[in-house]
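All the letters of the sequence shown, read from the start, carry residue numbers -17 to -1, 1 to 223 under mature numbering (1 follows the signal peptide of the UniProt record, and there is no 0).
Note that beta-carbon positions come from the ideal geometry of N, C-alpha and C, so glycine has one too.
Model, not experiment: these values are computed from the prediction.
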Amino acid sequence: MGILLLLLIRKIKKAQTAVWIKEANQSFLLQNAEQKLFNICEVDSKPSWNVPLRNCVEVRSVATDSQKLPPRPERLSVFSESLSNLGISQGEFILDTLFWQDQIHHYWRLMNTNETEIRNVMDVNAFCGGFSVALNNFPVWVMNIVPASMKNTLSSIYDRGLIGAFHDWCEPFSSYPRSYDLLHAIYLFSHYRNRGPGSILQDIMLEMDRLTRPQGFIIIRDDESIVSRIQELAQNFYGR
């Protein structure tokens, strides 16, 4: 017989629908851990990609537990405590946010398209989610991807009220073809340079092309040598 390890509170019950939330107070978790009903995960063992499920429950740190997240749109400006643990300062976080707020308008001017013509967007190297935050007032849906071999900033993206996932761009992304109107890649290719089979520039370009709808856009910002190589390869993809 299974044991209920998490304290859940029923908030709504109507007809055949019930909504439950997890209690914010972790005392119930800690009590069950003391009774050896389950194990607490090690703080320093937080693998993010291609690992089996672990037989443990993660408990939030005191600093993270005390951080109360405001509603949107204020939540979009929240500096997550998890970023401090990664060596990312609040100043760096703010600069990233301001940078993308400025760049978004240049992008739309260069694409020469109406705001309503782009709906599904993927930031393939999202960092802290600043690009997604800059699109908050646009009628778009943004998927934020954190490459599994980079700093684990996904928690901070969630703390900002955004959606996202880990991914290794040496592998195909689990999605239907032609799902996105815009893909945004900043220094993705230079990160994957010389990382072995599946991660060569052409392979990643093919996968990005598969995800982009006809007449869609792919914006790439990277080292000059990589951008030049992409321009050469684009002739093979699109004939122009």
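Rounded straight-line distance, which links the Cα of TYR163 to that of PRO155 = If you number the sequence shown from 1, residue 155 lands on position 172. If you number the sequence shown from 1, residue 163 lands on position 180. Roughly 15 Å between the two C-alpha positions.
Just how far apart, CA to CA, sit TYR90 and ASN33?
-> For the purposes of this step, residue 90 is taken as the residue at position 107 of the sequence shown. For the purposes of this step, residue 33 is taken as the residue at position 50 of the sequence shown. Within the model, the alpha-carbon separation for TYR90 versus ASN33 is close to 34 Å.
ARG92, enclosing alpha helix (DSSP H) - first and last residue = Along the sequence shown, one-based indexing puts residue 92 at 109. Start and end: 73 to 94.
Below 8 Å between beta carbons: does that hold for residue 234 and PRO130?
-> This structure gives no information on residue 234, because the portion of the chain shown stretches from -17 to 223.
Hey, ILE169 and ARG212: beta-carbon distance below 8 Å or not?
-> One-based indexing of the sequence shown puts residue 169 at position 186. One-based indexing of the sequence shown puts residue 212 at position 229. No. Outside cutoff.
Whole-Å CB distance - MET126 paired with MET105, under 8 Å assumed | Within the sequence shown, residue 126 is the residue found at index 143, counting from 1. Within the sequence shown, residue 105 is the residue found at index 122, counting from 1. About 5 Å separates the Cβ atoms of MET126 and MET105, confirming a contact at the 8 Å cut-off.
Tell whether a beta-carbon distance below 8 Å holds between SER67 and ASP142.
-> Against the sequence shown, residue 67 aligns to sequence position 84. Against the sequence shown, residue 142 aligns to sequence position 159. It is not a contact, given that the beta carbons lie outside the stated cut-off.
Beta-carbon proximity of HIS150 to ILE128, cut-off 8 Å = The residue given as residue 150 occupies position 167 in the sequence shown. The residue given as residue 128 occupies position 145 in the sequence shown. The beta carbons of HIS150 and ILE128 sit closer together than 8 Å.
Rounded to the nearest angstrom, how far is the Cβ of CYS111 from that of ASP85, given a contact under 8 Å?
-> By one-based count along the sequence shown, residue 111 stands at place 128. By one-based count along the sequence shown, residue 85 stands at place 102. Not a contact, Cβ separation roughly 16 Å.
Helix, strand or coil at PHE121 according to DSSP, with G and I counted as helix = Taking the first residue of the sequence shown as 1, we reach residue 121 at position 138. If DSSP states are grouped into helix, strand and coil, PHE121 belongs with coil.
Report the residue from LEU20, LEU194, ILE209 whose alpha carbon sits nearest the alpha carbon of CYS39.
-> For the purposes of this step, residue 39 is identified with residue 56 of the sequence shown, where counting begins at 1. With distances taken between CA atoms, CYS39 lies nearest to LEU20 out of LEU20, LEU194, ILE209.
Over what stretch of residues does the alpha helix (DSSP H) that includes ILE187 continue unbroken?
-> Position 204 of the sequence shown, counted from the first residue, corresponds to residue 187. Here the alpha helix (DSSP H) through ILE187 covers 184 to 194.
Just mark ILE187 as buried or exposed, buried being the case when its beta carbon has 16 or more other beta carbons within 10 Å.
-> Position 204 of the sequence shown, counted from the start, is the residue given in the question as residue 187. Here ILE187 is buried. Its C-beta has 16 or more other C-beta atoms within 10 Å.
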